[in-house]
Structures are given as C-alpha cells and as structure tokens.
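Enquirer:
Number of protein chains: 2
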Amino acid sequence: MRLSRYFLPVLKETPSEAQIVSHRLMLRAGMIKQSAAGIYSWLPLGYRVLKRIEQIVHEEQQRAGHIPMLMPTLQSADLWRESGRYDAYGPEMLRFTDRQDREMLYGPTNEELITDIVRSNVASYKDLPLTLYHIQWKFRDEMRPRFGVMRGREFLMKDGYNFDLTRADAMHAYNRHLVSYLRTYERMGLQAIPMRADSGPIGGDDTHEFLVLADTGESEVFYDSNVTEISLGQRDIDYDDVGQCASVMEEFTTLYARTDETHDEAEFTKVPEDRRRSARGIEVGQIFYFGTKYSDALGARVQGPDGKPTALHMGSHGIGVSRLVGAIIEASHDDKGIIWPEGVTPFHVGIVNLKQNDASTDSACEGIYKELAAQGLTALYDDRKDRAGAKFAIMDLIGLPWRITVGPRGLANGLVELTSRRTGETEEVTPQAAIARLKDIYAPHL
Amino acid sequence: MRLSRYFLPVLKETPSEAQIVSHRLMLRAGMIKQSAAGIYSWLPLGYRVLKRIEQIVHEEQQRAGHIPMLMPTLQSADLWRESGRYDAYGPEMLRFTDRQDREMLYGPTNEELITDIVRSNVASYKDLPLTLYHIQWKFRDEMRPRFGVMRGREFLMKDGYNFDLTRADAMHAYNRHLVSYLRTYERMGLQAIPMRADSGPIGGDDTHEFLVLADTGESEVFYDSNVTEISLGQRDIDYDDVGQCASVMEEFTTLYARTDETHDEAEFTKVPEDRRRSARGIEVGQIFYFGTKYSDALGARVQGPDGKPTALHMGSHGIGVSRLVGAIIEASHDDKGIIWPEGVTPFHVGIVNLKQNDASTDSACEGIYKELAAQGLTALYDDRKDRAGAKFAIMDLIGLPWRITVGPRGLANGLVELTSRRTGETEEVTPQAAIARLKDIYAPHL
Chain Z
1007 MRLSRYFLPV
1017 LKETPSEAQI
1027 VSHRLMLRAG
1037 MIKQSAAGIY
1047 SWLPLGYRVL
1057 KRIEQIVHEE
1067 QQRAGHIPML
1077 MPTLQSADLW
1087 RESGRYDAYG
1097 PEMLRFTDRQ
1107 DREMLYGPTN
1117 EELITDIVRS
1127 NVASYKDLPL
1137 TLYHIQWKFR
1147 DEMRPRFGVM
1157 RGREFLMKDG
1167 YNFDLTRADA
1177 MHAYNRHLVS
1187 YLRTYERMGL
1197 QAIPMRADSG
1207 PIGGDDTHEF
1217 LVLADTGESE
1227 VFYDSNVTEI
1237 SLGQRDIDYD
1247 DVGQCASVME
1257 EFTTLYARTD
1267 ETHDEAEFTK
1277 VPEDRRRSAR
1287 GIEVGQIFYF
1297 GTKYSDALGA
1307 RVQGPDGKPT
1317 ALHMGSHGIG
1327 VSRLVGAIIE
1337 ASHDDKGIIW
1347 PEGVTPFHVG
1357 IVNLKQNDAS
1367 TDSACEGIYK
1377 ELAAQGLTAL
1387 YDDRKDRAGA
1397 KFAIMDLIGL
1407 PWRITVGPRG
1417 LANGLVELTS
1427 RRTGETEEVT
1437 PQAAIARLKD
1447 IYAPHL
Chain B
1007 MRLSRYFLPV
1017 LKETPSEAQI
1027 VSHRLMLRAG
1037 MIKQSAAGIY
1047 SWLPLGYRVL
1057 KRIEQIVHEE
1067 QQRAGHIPML
1077 MPTLQSADLW
1087 RESGRYDAYG
1097 PEMLRFTDRQ
1107 DREMLYGPTN
1117 EELITDIVRS
1127 NVASYKDLPL
1137 TLYHIQWKFR
1147 DEMRPRFGVM
1157 RGREFLMKDG
1167 YNFDLTRADA
1177 MHAYNRHLVS
1187 YLRTYERMGL
1197 QAIPMRADSG
1207 PIGGDDTHEF
1217 LVLADTGESE
1227 VFYDSNVTEI
1237 SLGQRDIDYD
1247 DVGQCASVME
1257 EFTTLYARTD
1267 ETHDEAEFTK
1277 VPEDRRRSAR
1287 GIEVGQIFYF
1297 GTKYSDALGA
1307 RVQGPDGKPT
1317 ALHMGSHGIG
1327 VSRLVGAIIE
1337 ASHDDKGIIW
1347 PEGVTPFHVG
1357 IVNLKQNDAS
1367 TDSACEGIYK
1377 ELAAQGLTAL
1387 YDDRKDRAGA
1397 KFAIMDLIGL
1407 PWRITVGPRG
1417 LANGLVELTS
1427 RRTGETEEVT
1437 PQAAIARLKD
1447 IYAPHL
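Protein chains in written order, with the numbering used here: chain Z, 1007 to 1452; chain B, 1007 to 1452.
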C-alpha cells in the first residue's frame, strides 16, 4: 500500500480521554475512531490487525477440528426465556422490541441459539462429537465503557460450543480448546496464562481464563513464576489424541495460577516464596465445561448407544478478538509507539523513501515494493514528500516490526537500511538481502 | 472436509414456509436456519458460500483501489439528526435506547458515520480521492420479512463511499464502481445488468441498480435484449484510467435497461420491437452519486487548491452480500438442487465412496482427498456408510459443481468417475487425470 493513497489519520496530540496506553496508541496511530460510548469504527490500519487476529483464530480453530459457521447478532428473547437467562442476565444485555413488538436482544453470547440449532438437527450419538464456532460481533451494555477496545460495548468475539455424549468426551473438548488457545496466543506473540477462574453467568464447574500479564489488566492474579517459563513452541499436536491434549492441559495448569475470584491463600503459600507472584492481567479468553446445564433446560438430547435419550454434555469457549488488539499493544510498545509482533502486524514492512521525487530513490523503492509483493509480503510504502524524521516517527508509532530505509547515500553503494522496530538495530544490506531476510523472518507467519 | 465429521443437516422434507426456490433449497441443503423472523444462522455450508462471496467482493474492491475498514453495527442517533435522516427514515430503522437512555439505532446504512470519520480527518484536497468501504451486518426492520436471506431483516452488505474534490472526480469513482461491480458479479457466475433506477432514501441524481434476471425478482424491469449480450470477460481494466472506466460505463448503460421506477414507455418504444423485453429482476447492488448532500449537511469540507473550503462530492455503493447467496441459487438450480458456479462453490468437489469400509475404495478416496488438498482444492468427502443413491442425492442437493465417484468396479481398471453437476456428464478417468482436470477448471478461481 502506498501511504499517499492510504487513509492513515495519525494524531499529533495524545487524546485526553484515553487512560491507558493501548487506547492512546490506537487513537494516535489512526487505528480506531469512537462513534459512540464504547463503540468504535475500525479505520483501515486497525481493521488490518483485527482481520489478522481473526484469521489466526480461524486457522487454529479449524486445525483443532472445529467447524466455522455464523450466528446473527440479534436474537429473539424466547430462547433466553426457555433457558431461564432472560431475567437472570443483568442490564448489560441490550434489550428492545421490534416494530411488531417482539422482544429481542443483541446477543452477548450464544449458548441458547447454538443449542437450539443442535437440538433441531442432531438426533443420534453417531453425530457426535461436534464443535461449532463463529466469530461475530457481540454487545454488552457496560455501565462505564472505557479503555478503548479493551472494554468496549460492541466487540468481536470468537465463541465456540462443543456437544458430546459423555463428560469424558466433553473434557477432551475442553482440553483441546485449551491447547488450541495456547497455540493461538503464541502465534500472536502473546503469553496468555491459563488460570483457574470463576464461571460467572455462563455457569459450570470447570473454567479457565487466559490472562496476559500487564499493569493495566482489570484482574488481580496470583501465580507461581515457573508458569511463565512454559510454552507450547513448535511441538506437534494431534488434536484427536486424548492423552496428548490431557497431558498438555496438565502441564499448563498444575502450577498455581489463579485470578482473585478463585485465589486460595492457603494453597498459594505452598508455592516456594521466591516464586510467588501477584500481578495484574488482561483476560483474553475463557473456556468452560458446564455439563448438561443448557441441554437440560432446552431439551437437547440424542439417542445414546443404548437407544435411550441422553442429554448432551456441553462447553463453551471464547476468545476476545477485538480486545486482543488492545492487549497485544499493552504487552508490546515503547515510548515511540506500538511494536507489532510479526504474527499480527498490519503490514510486514514499512518502506521509507528519504528523497521522494528523486529518480533513483523512487525507482529503488518501487522495485523493492513490487518484489516484496511478488514474495507475498505486504509493505506500507511512505511515498509522500515529507521530512525523514516525520516519516520515521509515523513508522515507529504504527509499529511495523521492520523498516527498509532508502536514501541516495546508501544507494550510491547499492545498499538500503533494514531496521528492527523492537531493537532499533539497523543493518546496511542490498535490497535483495533485505527482502530475503524478511522472507525468512515471516516464513512461520505466511 | 469429511462428511462424517461435518455438520450438514440436510432436510428430507421441503419446508412449508419457504415460498421461493432459493429459500427452500437453502433450508433443505442445511445452509441456514431461521432464528427469528427474517434473521438467520448461517450453518457451516451456507457460511462457506457467504465467505466466498465476501472474499470476491473484497478482492475486487481492493483491485479498484478502495480501502477496507469496518464500522460498527450500532450507531448513535445524533449523527442522523445532523443529516436530517433520523426522522426521515421510516419504521424500517430499528431504534432503541441503551441503559443510559441514549438513543441508538442498528445501522441500515452508513453515510453519516463515514462522513463523520472523513470530516474529522481529511483537511486538504491533497488527501483525495478517497474511497473507503466495509462489509458489515445491517438491519432493516421489514414489515414482512420473507424469501429467506433474499429479504431478511439482518443482512450482510458491502457499502463503500467515495470522497472527491469535484463532480468529475466523483463521476470517475461512480464509473469505477460500476466496472468493479460488473467484474464482481461475473466472478460469481452471475449476469447482473446495470439499470437506471430511483435513488430512494439515499438521495442523489445518478444511480444504477444491478439486477439479476429471475422470475422471483421483486422488481419489474424493461430492457433491450442486446444488453444481455455484453460482458466484461477477461479484458484488462486500469481503474485509474478515467477514459477506460467511462467507456465501459457507456458500453453497459447506453442500451435501454430500467426498473419500473424509472421506466419511460416513450423511450422504450424506440427499442426495436423484437428486442424489447419485460421481466423480473433481483437487485444485488446499487451505486449512487449524490454530490454534496451529506457533506453539506454534516460540514465535510476540505481546503481546495485555491485555499478555500469546498464541500466533498460523494457517492455510496452497495452490494448485497448475503442476498447474493439466494440470488445465485435463483439463477442456478434444477429440480435436484443447487448448482453452484465454480467461483462461489462451498467446496470445489465432492468425493463419493461407493463402498465405504472397503480397503481399496477407502484408500483411493483418501489418496484423492489428500492430493486435492495438496493442490489447493477443497473437497467434501462423503465417507459415511450409506447407499450410493442417498450419497448422490445429497451431492446433487448441495450443488458442488464436480463430483468424483469411487467404486470397486472402476478401481479394478484404475479409474474413477468425474461428473459435472450442471450437465450430468460423466467421464471415466484416472484419479490423477480427474485432479488435473479440476485444477484447470478452478485455475481462474484460486
């Protein structure tokens, strides 16, 4: 993308309404614009990051065998009456009537709707196991929306639902989700720690939240510092392998790690003192097993192997897609701006032309821009006539992990600069070498 | 995808509530399920088609230089008061108040919101031209929602907005949209004829609707039959070329083609009698030029080259993404079911195993399934134990354009069957030849 033809309305001033760094940086980098309290438009740069995160979630869900579909944003109140949640759910649920006076709501979650779909269409245990998911906008009418997309009212979430014949099968689905979530976050350059949590209005026995450690997190968390040493890394996962999923689950959840809702001081003191940590965390996902709570209420049964009707064992599993954009920035920025992890960056590399309208730098930049595209790499090419300092400041603010700088001095020797946003280190290399280097760096992310 | 692990709840009975063929077939093929009047869940198969259409729209929009972003579903009433449309828009607009008693609405369109974004961030003519678009769910509270996704209440739409300094620039944007829409529909296997139309509540002088001819269309249309002979085909388009876009526009809009709203019997009789046609059409898109209507109302001005503030010339341009799923089926089906055009099919090919659990047919099917995936082709493999006739009926119903049938008799000679859904023609070929053939067929669509 050529910056001269893009829409990147960066702000010079720090907006006064933004209390946390991700909100400030998203506004300054021209990623979002508030359109109403807690409701945002995603400007082109922000939209690219959002789509990138959505794409990673889709890929990892489908790798785990989960089936994508799409439920609507608006729901009828009827199903929520059947489950008993219409009255139980608080004022965060946005309710209204349509022109025919039917009671409707903007879905904050989809247990009822998906259970209705499954009860209408699944009759036999032979149709199980089944895990369906979607990525759709939700609405929760927060009393005090704040922190930008971190606590907005309209937000994008992946929510998935497993339907199984037995508790054991459903626990495998639970473990499978845990493992696939770990991989999802790692691909985004995030460490998200699964912590035993409280189930809240979803209900159920087993639940883990995934928390990214950050000073601005809304949750207080307590953990054994060894838990931060574990990662999934590149290991091969067979999501059909019940034993392997259970053992990864155990590996990641045995050490003490809890939110304040489930924190147990007596248990915590069993952790060696030098490894006890309390900190703040941002919740970026949660998995639940809730047994037959919804299938009982809504009559979702199948014929079991013995011919008798049996209620489905269910769980639900969510990832806060739009919230992740903020969480990643909270975890990865400096005083100049955002530093995108390679997995989610809106463009792979920025190109800065130090002498726009000079035939030789223009032609070198065009050549690099085209060759990057031919190699499947996206570039944001700053082809505007502006000072070098101003161009660097924008690139630093919007946080592309790599920058190629093209100026007449280097070009005289056939060289350009390749700069890492994270370390600030610069190498002088040929354009070919810079492109080859970027191809290597991004190979795991293409 | 293996059918044994998929969620494809096909219906044996034709649902009584469905009045038109696309609605019946979408229900029977397990593509959608109604969750409230005019509100649908997209089951896995339907979701795949919806995403495919969305993808084509994205690609063609970006090829034309338009910039993707995303505006929210809910909007504040304030901006609509500023434009004067809050009261002007009828009961089709879903209005409600949030918990703080702020007046809100579910956006039926986005002229106000996008104009607000641009007026806040674009100050100079140098930032123009600019065309932003998004694909987002909309809501129109139809009094009588019907015809499935063809006239639903919650629907997915691409809406794009151009901002230009002059009327001439905006007319280039108009022509560019017309050309890119033609290419978009052709990639979906649809002929959509641009017809002079009425601007309705959007307002403005120039507008064309794109109509797909179909008996079930809601609009009466009148046209010169020669208009159905024109197509864009494979010609190269340079969307920056003002002359080329204008000449394509002229080519496609000079012959008589109008909806009943703008039909002029006197003009129509100038068409040679044997070429005069009246028919019904499904509206699948519309483009508008409305000058400074919204920029005047909302104060969207830039500094012109002469230093003086000047109101932006605007247009808006929509494609009915979810409605297209129905429109394509209306245009392409037979008495056995849907016939997907190659450009939008949910899977490229179906594989039918005639003797499931036979070592040799199973292994041949597995080999074909894996090789197709390696070649970038998606297959739906019916690996269930069922009668051949039942398997064929499902494949015919869901409409994959190609089917590979694997049975012991053919395999004895190293052959499988490759069958066209559209013509019913079958060839006996080796698995390698079938895959090579499919690769050729889908090359323009990958």
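Note that the Cβ used here is the ideal one computed from N, Cα and C, for glycine as well.
Kindly indicate if chain Z contains any beta-carbon less than 8 Å away from that of residue 1160/B.
Expert: Closer than 8 Å: yes.
Enquirer: Chain B partners of residue 1143/Z, CB-CB under 8 Å?
Expert: The answer, in chain order, is 1078, 1079, 1143.
Enquirer: Who are the neighbours of residue 1247/Z on chain B, taking C-beta pairs under 7 Å?
Expert: Under the 7 Å cutoff, chain B gives no residues; its nearest Cβ is about 16 Å from residue 1247/Z.
Enquirer: Check this for me: beta carbons of residue 1391/Z and residue 1438/Z, under 8 Å apart or not?
Expert: Not closer than 8 Å, so no.
Enquirer: Output the distance between the C-alpha atoms of residue 1100/B and residue 1042/B, rounded to the nearest integer angstrom.
Expert: Each residue's alpha carbon lies about 15 Å from the other.
Enquirer: Alpha carbons only, please: which of 1450/Z, 1396/Z, 1120/Z, 1049/Z is nearest the one belonging to residue 1322/Z?
Expert: Closest option to residue 1322/Z, Cα to Cα, is 1120/Z.
Enquirer: So which of 1279/B, 1311/B, 1103/B, 1222/B has the shortest CA-CA distance to residue 1230/B?
Expert: Among 1279/B, 1311/B, 1103/B, 1222/B, the Cα nearest to that of residue 1230/B belongs to 1279/B.
Enquirer: In chain order, what residues of the same chain have a beta carbon less than 7 Å from the beta carbon of residue 1146/Z, not counting five sequence neighbours either side?
Expert: Around residue 1146/Z: 1098, 1114, 1159.
Enquirer: Can you tell me whether residue 1079/Z is buried or exposed? The criterion is at least 16 other CB atoms within 10 Å of its CB, across all chains shown.
Expert: By the neighbour-count rule (16 or more Cβ atoms within 10 Å), residue 1079/Z is buried.
Enquirer: I'd like the list of long-range same chain contacts for residue 1228/Z, defined as Cβ closer than 6 Å, with 5 residues on each side in sequence excluded.
Expert: Once the five neighbours on either side are set aside, the close Cβ partners of residue 1228/Z are 1264, 1269, 1274, 1284.
Enquirer: Could you say which of 1386/B, 1443/B, 1393/B lies nearest to residue 1014/B if we only look at CA atoms?
Expert: Residue 1014/B has its Cα closest to that of 1386/B, out of 1386/B, 1443/B, 1393/B.
Enquirer: Taking residue 1071/B as the query, report the chain Z residues whose CB atoms sit under 9 Å from its CB, ordered along the chain.
Expert: By Cβ distance, chain Z contributes 1011.
Enquirer: Does the contact criterion of 3 or more C-beta pairs under 8 Å hold for the stretch 1129-1141 of chain B versus the stretch 1151-1169 of chain B?
Expert: The stretch 1129-1141 of chain B is in contact with the stretch 1151-1169 of chain B.
Enquirer: Where residue 1297/B and residue 1213/B are concerned, what is the direct C-alpha to C-alpha distance, given to the nearest angstrom?
Expert: Taking the straight line from one Cα to the other gives about 12 Å.
Enquirer: Are any of the Cβ atoms in chain B nearer than 8 Å to that of residue 1399/Z?
Expert: No - not a single Cβ of chain B is within 8 Å of the one on residue 1399/Z.
Enquirer: Which residues mark the beginning and the end of the beta strand (DSSP E) in which residue 1200/Z is found?
Expert: From DSSP, the beta strand (DSSP E) with residue 1200/Z extends over 1198-1202.
Enquirer: Chain B partners of residue 1147/Z, CB-CB under 9 Å?
Expert: The contacting residues are 1104, 1105, 1106.
Enquirer: Closest by CA to residue 1379/B, which one among 1388/B, 1353/B, 1366/B, 1399/B?
Expert: Nearest option by C-alpha distance: 1353/B.
Enquirer: Is there contact here, the stretch 1247-1260 of chain Z with the stretch 1172-1187 of chain Z, by at least three beta-carbon pairs under 8 Å?
Expert: Yes: at least three Cβ pairs fall under 8 Å.
Enquirer: Since residue 1136/B sits in a beta bridge, which residues does DSSP pair it with?
Expert: Paired residue(s): 1169/B.
Enquirer: Taking any Cβ of chain Z, which residues in the stretch 1017-1050 of chain B have a Cβ under 7 Å from it, in chain order?
Expert: Result list: 1039, 1041, 1042, 1045, 1046, 1047, 1048, 1049, 1050.
Enquirer: By DSSP's criteria, residue 1388/B is part of a beta bridge. Which residues make up the other side?
Expert: The partner list for residue 1388/B (beta bridge, DSSP) reads 1358/B.
Enquirer: Can you give me the Cβ contacts of residue 1071/B inside the same chain, cut-off strictly under 8 Å, excluding the 5 residues immediately before and after it?
Expert: Here the set comprises 1137, 1182, 1245, 1246.
Enquirer: Quick check: the stretch 1191-1200 of chain Z against the stretch 1365-1381 of chain Z, are there 3 or more CB pairs under 8 Å?
Expert: The stretch 1191-1200 of chain Z is not in contact with the stretch 1365-1381 of chain Z.
Enquirer: Within the same chain, show all residues whose beta-carbon is closer than 8 Å to that of residue 1196/B, passing over the 5 residues directly before and after it, in chain order.
Expert: Cβ neighbours of residue 1196/B beyond the five flanking positions: 1218, 1290, 1330, 1333, 1334, 1337, 1347.
Enquirer: Is the shortest distance between the beta-carbon of residue 1311/Z and the beta-carbons of chain B less than 8 Å?
Expert: Not an interface residue.
Enquirer: Under 7 Å between beta-carbons, which chain Z residues line up against residue 1053/B? List them in chain order, please.
Expert: The answer, in chain order, is 1074, 1075, 1076.
Enquirer: At the 8 Å Cβ level, is residue 1127/Z part of the contact set with chain B, yes or no?
Expert: Answer yes: the Cβ-Cβ gap between residue 1127/Z and chain B drops below 8 Å somewhere.
Enquirer: Which parts of the stretch 1272-1297 of chain B are runs of the beta strand (DSSP E), unbroken and 3 residues or longer, counting only runs that do not cross its ends?
Expert: Counting whole runs of 3 or more residues, the stretch 1272-1297 of chain B contains the beta strand (DSSP E) stretches 1282-1297.
Enquirer: Please name the residue in 1125/B, 1241/B, 1056/B, 1295/B whose C-alpha comes closest to that of residue 1192/B.
Expert: If we check each option's Cα against that of residue 1192/B, 1241/B comes out closest.
Enquirer: In whole angstroms, give me the CA-to-CA distance for residue 1096/B and residue 1398/Z.
Expert: Those two C-alpha atoms are separated by around 50 Å.
Enquirer: Do residue 1189/Z and residue 1238/Z have their C-beta atoms within less than 8 Å of each other?
Expert: Cβ distance < 8 Å, so residue 1189/Z and residue 1238/Z count as in contact.
Enquirer: Is the beta carbon of residue 1021/Z closer than 8 Å to that of residue 1075/B?
Expert: Not a contact, by the Cβ cut-off of 8 Å.
Enquirer: Just tell me which of 1404/Z, 1358/Z, 1442/Z, 1144/Z has its CA closest to the CA of residue 1416/Z.
Expert: For residue 1416/Z, the nearest C-alpha among the options comes from 1358/Z.
Enquirer: Would residue 1349/Z and residue 1452/Z qualify as a contact pair, given that the criterion is a beta-carbon distance under 8 Å?
Expert: It is not a contact, given that the beta carbons lie outside the stated cut-off.
Enquirer: If you draw a straight line from the C-alpha of residue 1401/Z to the C-alpha of residue 1374/Z, how long is it?
Expert: For residue 1401/Z and residue 1374/Z, the distance between alpha carbons rounds to 17 Å.
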